[in-house]
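To keep things clear, I will list the structure first and then write my remarks on it.
2 protein chains.
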Amino acid sequence: MDTSFGDYVRTLREERRESDRSFSVRQVATRIGVEPSYLSKVERGQVAPPSEATIKRLGEVLDTDPDVLLALAGKLSTDLKEIICKRPQLVADLIRQIRDLPDHAVVKLVREVRDGNW
Amino acid sequence: MDTSFGDYVRTLREERRESDRSFSVRQVATRIGVEPSYLSKVERGQVAPPSEATIKRLGEVLDTDPDVLLALAGKLSTDLKEIICKRPQLVADLIRQIRDLPDHAVVKLVREVRDGNW
DNA sequence: TAGACTGTGTACTACATAGTACACATAATG
DNA sequence: CATTATGTGTACTATGTAGTACACAGTCTA
Numbered sequence: 178m179d180t181s182f183g184d185y186v187r188t189l190r191e192e193r194r195e196s197d198r199s200f201s202v203r204q205v206a207t208r209i210g211v212e213p214s215y216l217s218k219v220e221r222g223q224v225a226p227p228s229e230a231t232i233k234r235l236g237e238v239l240d241t242d243p244d245v246l247l248a249l250a251g252k253l254s255t256d257l258k259e260i261i262c263k264r265p266q267l268v269a270d271l272i273r274q275i276r277d278l279p280d281h282a283v284v285k286l287v288r289e290v291r292d293g294n295w
Numbered sequence: 178m179d180t181s182f183g184d185y186v187r188t189l190r191e192e193r194r195e196s197d198r199s200f201s202v203r204q205v206a207t208r209i210g211v212e213p214s215y216l217s218k219v220e221r222g223q224v225a226p227p228s229e230a231t232i233k234r235l236g237e238v239l240d241t242d243p244d245v246l247l248a249l250a251g252k253l254s255t256d257l258k259e260i261i262c263k264r265p266q267l268v269a270d271l272i273r274q275i276r277d278l279p280d281h282a283v284v285k286l287v288r289e290v291r292d293g294n295w
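First to last, the protein sequences are chains A and B.
Heads up: the first sequence begins at 178 in our numbering, then just goes up one per residue.
Heads up: the second sequence begins at 178 in our numbering, then just goes up one per residue.
Quick look at the structure:
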């Protein structure tokens, strides 16, 4: 039941629209700096998801996690990519390790690293 | 002193060449399925690094870690990208957490996850 | 009911990516 | 010394990415 990028954005925008009429395709498009017809096509999956920069602006305007939005677009934030590319073997290892861990284990791991003495 | 992708590949290939004359630009290019002139340009940094697929074949032929090669090209293996995109918030968090950890801490972390009970 | 605003269709485009094709001079080899 | 192999220069190209520009019909509003 993988939500597509377009559906996700449309739903998010329409939810916002219920309480704020300025969240129309046209106005959101203008705010993030693209043509309304383009955003319309993106939302309906008629074209591929936008660039990383555009997705991030969309994340700001719709007040949602850009990493999630990027992930739905099959992309990865440049800053994360850089962190990985600085120590590829180490981080690649780690990511492959956690692939099969359940969510709660990863959460625990993140927490321990944050306030543990590593 | 960041080694460039081209320099790294050229050095690797020339090292191999010392003990195996078949590691010429031409023959390696043929083995990985690209034009010799293209590989030549790649090695001299005259063009951007090749695609992920080509880099991986190069990694096989030169018997070197593809993740490192990809990283030097500023790219990230598709399989890693997929792992991240499946749980973007969780994994993004983790990666940002480990950004400032020293290598040995990350190594320890990987080891603990591997044989710990997570 | 006129004007503004809405979503969307069609057509087009600039730039990047990831190479190919071939020619050429030089170096190595049998 | 003829041929084979080698590295590289020049020119070209197919496909993908990330959109723009504008028109149009329907809807809402003052």
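Ideal Cβ positions, reconstructed from N, Cα and C, are used throughout, including at glycine.
Contact with chain B by residue i, beta-carbon distance below 7 Å
{"i": "Val186/A", "result": "no"}
{"i": "Pro226/A", "result": "no"}
{"i": "Ile209/A", "result": "no"}
Pairwise C-alpha distance: residue j and residue i
{"i": "Gly147/A", "j": "Leu189/B", "result": "There is simply no residue 147/A to check, as chain A begins at 178 and stops at 295 in what is shown."}
{"i": "Leu246/B", "j": "Ser199/A", "result": "47 Å"}
{"i": "Leu278/A", "j": "Ala282/B", "result": "20 Å"}
{"i": "Ile261/A", "j": "Ala225/A", "result": "26 Å"}
{"i": "Ile272/B", "j": "Thr231/A", "result": "23 Å"}
{"i": "Asp184/B", "j": "Val211/B", "result": "18 Å"}
{"i": "Thr255/A", "j": "Glu191/B", "result": "32 Å"}
{"i": "Val219/A", "j": "Ala250/A", "result": "11 Å"}
{"i": "Ala248/B", "j": "Val186/A", "result": "31 Å"}
{"i": "Asp296/A", "j": "Arg264/B", "result": "With chain A running from 178 to 295 in the structure shown, residue 296/A is simply not present."}
{"i": "Pro227/B", "j": "Arg276/A", "result": "27 Å"}
{"i": "Glu229/A", "j": "Glu229/B", "result": "19 Å"}
Under 7 Å between C-beta atoms of residue i and residue j
{"i": "Val238/B", "j": "Arg193/B", "result": "no"}
{"i": "Leu253/A", "j": "Lys258/B", "result": "yes"}
{"i": "Gly222/B", "j": "Ser196/B", "result": "no"}
{"i": "Val290/A", "j": "Gln266/B", "result": "no"}
{"i": "Asp270/B", "j": "Val287/A", "result": "yes"}
Chain A within 7 Å of residue i, Cβ atoms only
{"i": "Ala269/B", "result": "yes"}
{"i": "Lys258/B", "result": "yes"}
{"i": "Leu253/B", "result": "yes"}
{"i": "Ala230/B", "result": "no"}
6 Å Cβ shell around residue i - same chain, five flanking residues per side excluded
{"i": "Ala206/A", "result": "Pro213, Leu216"}
{"i": "Pro243/B", "result": "Lys233, Gly236"}
Residues of its chain near residue i, where Cβ-Cβ distance is below 8 Å and the 5 sequence neighbours each way are ignored
{"i": "Val268/B", "result": "Ile260, Ile261"}
{"i": "Ser201/A", "result": "Arg194"}
Close Cβ partners of residue i (< 7 Å) along its chain, the five nearest in sequence each way excluded
{"i": "Arg203/B", "result": "Pro213"}
{"i": "Leu241/A", "result": "One point to set straight first is that residue 241/A is Thr, not Leu, in the sequence displayed. Contacts found: Leu189."}
{"i": "Asp280/B", "result": "none"}
* In the segment 195-275 of chain A, which residue ranges form an unbroken alpha helix (DSSP H) of at least 4 residues, counting only runs that do not cross its ends? -> 202-209, 213-220, 229-238, 243-249, 255-263, 265-275
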